[in-house]
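Right, one structure below, let's go through it.
2 protein chains.
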Amino acid sequence: MQAPGRCCHWASLPSPSVWEAASMYGTAVAVFLVILVAALQGSAPTESRLPYHIPLDPEGFLELSWNISYAQEAIDFQLLVRRLKAGVLFGMSDRGKPENADLVVLWTDGDTAYFADAWSDQNGQIHLDPQQDYQLLQVQRTPEGLVLLFKRPFGTCDPKDYLIEDGTVHLVYGILEKPFQSLEAINTSGLRMGLQRVQLLKPDIPNPALPSDTYTMEIHAPNIRIPSQETTYWCHVKELPKGFPRHHIVMYEPIVTKGNEGLVHHMEVFQCPPEMDSVPYFSGPCDSEKKPDNLNYCRRVLAAWALGAKAFYYPEEAGLAFGGPGSSRYLRLEIHYHNPLVKEGQHDSSGIRLYYTPTLRRFDAGIMELGLVYTPVMAIPPQETDFVLTGYCTDSCTQLALPPSGIHIFASQLHTHLAGRKVVTMLVRDGREWEIVNQDNHYSPQFQEIRMLKKVVSVHRGDVLITSCTYNTEDRKQATVGGFGIMEEMCVNYVHYYPQTELELCKSAVDAGFLQEFFHLINRFNGGKEVCTCPQPSIPQQFASVPWNSFSRKVLQALYGFAPISMHCNKSWAVHFQGEWNLQPLPKVISSLEAPTPQCPPRQCPSPASPAIISIVGDRG
Amino acid sequence: MQAPGRCCHWASLPSPSVWEAASMYGTAVAVFLVILVAALQGSAPTESRLPYHIPLDPEGFLELSWNISYAQEAIDFQLLVRRLKAGVLFGMSDRGKPENADLVVLWTDGDTAYFADAWSDQNGQIHLDPQQDYQLLQVQRTPEGLVLLFKRPFGTCDPKDYLIEDGTVHLVYGILEKPFQSLEAINTSGLRMGLQRVQLLKPDIPNPALPSDTYTMEIHAPNIRIPSQETTYWCHVKELPKGFPRHHIVMYEPIVTKGNEGLVHHMEVFQCPPEMDSVPYFSGPCDSEKKPDNLNYCRRVLAAWALGAKAFYYPEEAGLAFGGPGSSRYLRLEIHYHNPLVKEGQHDSSGIRLYYTPTLRRFDAGIMELGLVYTPVMAIPPQETDFVLTGYCTDSCTQLALPPSGIHIFASQLHTHLAGRKVVTMLVRDGREWEIVNQDNHYSPQFQEIRMLKKVVSVHRGDVLITSCTYNTEDRKQATVGGFGIMEEMCVNYVHYYPQTELELCKSAVDAGFLQEFFHLINRFNGGKEVCTCPQPSIPQQFASVPWNSFSRKVLQALYGFAPISMHCNKSWAVHFQGEWNLQPLPKVISSLEAPTPQCPPRQCPSPASPAIISIVGDRG
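Chains as they are written, first to last, in this note's numbering: chain A, 356 to 976; chain B, 356 to 976.
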């Protein structure tokens, strides 16, 4: 049997077989495939060549494994479908919605099974993609379930396709419970759909060898019962032994209790401040009334893991110091359980395993905050789809605060509150955009990982670091001001670097005096008199009284893009470096980095695209 | 001999022939082709099927003829090359520069002659276009010269190709004086290149029959000697007979003296104001000191022609009134001679032939001005590449001033001064963009024609007409304010319509009070104190003192997009219609017209593009 249309890696399939109409056995009938081996281009990736794994759905029916070829700019995906019903959808979309998604669909019309590259329109209606960019390599029945292996270039140059970029990717999946006469008959609105966030393009860097005197320490939940609610943040206190001396953490990895892979969403280990003498033991929901108050101050990140991430290795020349004088003995483990099906009675002992050594490495690693000061002067008008705020770490600050040899950033954790949609930090040298430190065009505040950079970024004295966050406030009626509250906003990049310096915070905000000129103008425009109200209303109050129209929106944006800034070029505890940090000019950027153009696959023959046919036999299950 | 690569309309060529190396006879050796007939798709268009003609170069070596198929969305071009040397370039670019142009190239390497779809990069370097969209239909030697016939869709969906749109097209041409080893060896900077502006997409409307009692009147230069300078505006006074009664002009056409087709750039016939009792006879350059002063007031357009235009027909229900009481007997003919080669001793009697009838048609045609008031409050910052100013004709004005049956616009003449690059007038009905009245994305102030609309646009009472002009001020150091001077700017669409109404002018400008708020803000931003200077500086002075930075540019743009307007809803002699015309809100537009998507030609086979080979024999001529 020949697959029509495709150009094509389905040369021939073994004996055509018959689908026994699924409807005979009801819509939920299980369907199994005979083993099919397509003509492969080279050999199929084996299990060991697919190093990354993630469960897609909370029940664990769907599991994705993948590997990355940076040379080919392509990904091999392996989708394991346990208990296949009438088919499955898998793909990607900008923010994980089933609409406007780039999909592969495995479906049956009751007689024949098909596989195709497809897309969903804004109404969720599925369409065959005229350019078939998912290349099916293998379909195999295994004891665990059906295994689909397919390949996809990062970029396909097809406007209907998702461009796989660094940073977060929102995977979407769906379960077909019954046959469909055609692909076009499928609409995602009628299906059980879900999303999973993951960093697909993991950096391709070898893990440094661990020192021979490496010890491990597990910080994990004590076999707790996961609450039967969608979202739980669990807090657990761990005390280091008395007299625990200074060590370097050189690696850490997740410990996820078997069976809970779909429930443990992210985990972080924080250290309490050194001056906190004692913290009572606690293990319970972070919003519990019984939680010790001072636990909130335990915010120094020692380790962070999120779904899909693997072990985190420090570069071999650096480690994260903990223990010893000036270091708190108290650690806080925080686990985010995501339990959308409200499963009951699930026990869990997940946590993080730290690998540490007493043989201190050459450099202490440090963490520095880049981006915006937490202040209401930086605000986002309501009803914006993509409003950008930008924070600067200026040349004056890096000149003063960095060592002569500069620093080396090897990892980064991006952070905003609920309105954040994109984050990028750009290194600017001599006025030119030089290198992207970290970029996430599909950033989600629900998915904040510490990510290793593909390439260590060295920052010299006099360099500028510009961090821009894009926000969506379509669902808001009032301006969103900067601040600590979850409905206020932040724009931060926590960069992990070595050697550690005194500079802990290099952030900016617009000069408050210039912002007052904005409020003046808006008042005059609206016929208001400029009376001196005493006391002057607060910045949030002033923002709340702005009538948001095209003029006020554009002028605020223009102001942020032009007015001088106040710099925070700070050591610990908000101590400024010596210098003049107010009314600083915005750093000038005279040239931009060119956006990389995706390598387009060669054009296909003009014959119309069509799905690949897959031989299937039904099973009465 | 088979043309390699193309998919292809060169099935086979008659006997291969030999190019006798041009270098043997010097670089200027003339080259003639044997008659070649390619396998044609259907039959080649005959002369009568190519109704439009334009000379490309001032010497008249290159002449373009074309026809338009609106059904196929394609143009047949016929390029006549008199005295062919080693080849020729022809194509289009945004504004007529030889760089970044979409080209066809006929060239020889000394042995073989080639034809290919090519493009020039920003340095003028020629490259083969991977997608060959110019389809060569015929190559023919004629007594006049070599004739190339080729076809091109309006849009090719190839990003390297020019999109042929309504309005002005900048044709570029070049002469190859010597052979080139390859296409890539050609750079336009080393060639004699030129440009010619033309409206390629002439409207496809039948000409109404002329009445039987039609008379003609020629208004033409009296066999003058064209000055030997690049640019001359010639003014010539024509007096109508005493007692000449009221007539309707129903058609006019150009009279261009044979041999001067490349020199006569445009011609207009203006009528003097009715109150001007006498105008002395004059025929000479318009900037001559001997020119009668009051000739400048003769500005009512009776007829206008520009290069490439054909006869202008009024719709059969309307005519342009002239003669009779209340109409001046004095006409002014203005001819723009463009003589870049500074030819001497060229005599000329070009002009315009009016066709008029005493049997008045049902409607008088009228001319209405849409766009911006001539006032300095509308200004363009310096160093802008595409700054947009917009003028409104509001619903209040059309409600009041149009007849209940509305008006019908059948022609339009767009007008700006030197910085104008694009002009568009949009009809907005019930808040929705309804129909484009006229649009020119490649507008040139050097090429202002009255253009028939493809389709008559009816304007109802309560409709809004929005005219936007895009300006380029990259070469300017100061703001460009609105006004009458050639270095000031205008944004006007003169629409020709019937039935004539009292409304002569429906234009707007930003409210001057709101503009003052802009100057206030900029002063405060720059630390200036708001002292009341008496007298207040003029608007141009205030614009001249604005420091142009990203903030002042964006705020001015936001102001123009938001602040209320002053309307001029005027009869003749600046008499307002009764109503409140100050501090009017900007018309709201809640939905946009979708841009038309070009019909892409079917994808070609993936074999690499290559030039078509043309058999040629050398001639020692």
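Ideal Cβ positions, reconstructed from N, Cα and C, are used throughout, including at glycine.
(Q) Cβ closer than 8 Å: which chain B residues qualify as neighbours of Ser567/A? (A) Close partners of Ser567/A in chain B (Cβ separation under 8 Å) are lacking, with about 57 Å as the shortest Cβ gap.
Q: Give me the Cα-Cα distance between Ile579/A and Met548/A, rounded to the nearest whole angstrom.
A: 30 Å
Q) Should the stretch 604 to 615 of chain A be called in touch with the stretch 682 to 691 of chain A, which here means at least 3 C-beta pairs below 8 Å? A) Three or more Cβ pairs closer than 8 Å define a contact, and the stretch 604 to 615 of chain A falls short of that threshold against the stretch 682 to 691 of chain A.
Q. How about Lys909/B: is its C-beta nearer than 8 Å to some C-beta of chain A?
A. yes
Q.
So, with DSSP's three-state summary, where would you put Ser424/A?
A. strand
(Q) With H, G and I counted as helix, E and B as strand and the rest as coil, what does DSSP make of Arg879/B? (A) Judged by DSSP in its simplified three-state form, Arg879/B adopts helix.
Q) Are there 16 or more other CB atoms within 10 angstroms of the CB of Cys804/B, so buried, or fewer, so exposed? A) Reading the sequence as shown, one finds Glu at residue 804/B and not Cys. Buried, by the Cβ-count rule.
Q | Distance between Met922/B and Gln939/B (C-alpha atoms, nearest Å) | A | 7 Å
Q: Compare the C-beta of Glu949/A with all C-beta atoms of chain B and state if any pair is closer than 8 Å.
A: no
Q | Where Gly545/B falls: helix, strand or coil (DSSP) | A | helix
Q: Output yes if chain A places a C-beta closer than 8 Å to the C-beta of Phe874/B; else output no.
A: no
**Q.** Per-residue contacts from Gly916/B into chain A (C-beta, under 8 Å)
**A.** In chain order: Ser905, Phe906, Lys909.
Q. So, do the stretch 486 to 505 of chain A and the stretch 520 to 540 of chain A have three or more beta carbon pairs nearer to each other than 8 Å?
A. Touching, no.
Q. Of the choices Val743/B, Phe445/B, Ile762/B, whose alpha-carbon is the least far from that of Tyr853/B?
A. Selected option, being the one with the closest Cα: Ile762/B.
Q: Just the chain B side, please: which residues come within less than 7 Å of Phe880/A by C-beta, in chain order?
A: Glu872
**Q.** Of the residues Tyr849/B, Gly868/B, Thr749/B, the one placed nearest Ala659/B, counting alpha carbons only
**A.** For the residues Tyr849/B, Gly868/B, Thr749/B, the minimum Cα distance to Ala659/B belongs to Tyr849/B.
Q. Using DSSP with H/G/I as helix, E/B as strand and the rest coil, what is Pro577/B?
A. coil
Q: Can you check the stretch 773 to 819 of chain B for any beta strand (DSSP E) of at least 3 residues that lies completely inside it and give the ranges in chain order?
A: 775 to 784, 787 to 795, 806 to 814
Q: Determine whether the Cβ of Ala913/B lies closer than 8 Å to any Cβ atom of chain A.
A: yes
Q. Over what stretch of residues does the beta strand (DSSP E) that includes Ile604/A continue unbroken?
A. Counted as a single uninterrupted DSSP element, the beta strand (DSSP E) harbouring Ile604/A occupies residues 602 to 610.
Q. Exposed or buried, Val779/A, counting other C-beta atoms within 10 Å across all chains shown (16 or more means buried)?
A. Burial is judged here by how many other beta carbons sit within 10 angstroms of a residue's own beta carbon; Val779/A has at least 16 and is buried.
Q: Starting from His763/A, follow its DSSP beta bridges and name the residues at the other end.
A: Ser813/A, Tyr853/A
Q: Let me know the secondary structure DSSP gives Gly721/B once reduced to three states.
A: strand
Q) CA-CA distance, Pro713/B and Met622/B? A) 25 Å
Q) In three-state DSSP terms, what is Ala913/A? A) helix
Q) Which residues in the same chain as Tyr469/A place their Cβ atom closer than 8 Å to its Cβ, once the five residues preceding and following it in sequence are excluded? A) Val460, Leu461, Trp462, Thr463, Leu538, Pro966, Ala967, Ile968, Ile969
Q) Counting only runs that start and end within the stretch 687 to 758 of chain A, where is the alpha helix (DSSP H) found for 4 or more residues in a row? A) 750 to 756
Q: Grab me the residues of Leu870/B's own chain with a C-beta within less than 6 Å of its C-beta, minus the 5 sequence neighbours each way, in chain order.
A: Val732
Q. So, is Glu418/B buried or exposed, given that buried needs 16 or more other C-beta atoms within 10 angstroms?
A. buried
Q: State the Cα-Cα distance for the pair Gly700/A and Ser583/A, rounded to the nearest angstrom.
A: 7 Å
Q | Beta bridge counterpart(s) of Val410/A as assigned by DSSP | A | Correcting the residue identity first, residue 410/A is Pro in this sequence and not Val. Partner residues in the beta bridge of Pro410/A, as assigned by DSSP, are Glu418/A.
Q. Any idea which residues DSSP pairs Cys861/B with across the strands?
A. Leu725/B, Cys924/B
Q | Inter-residue spacing [alpha-carbon to alpha-carbon] between Thr753/B and Pro485/B | A | Each residue's alpha carbon lies about 51 Å from the other.
Q) How should Tyr636/B be labelled, buried or exposed, when 16 other C-beta atoms within 10 angstroms of its C-beta is the threshold for buried? A) exposed
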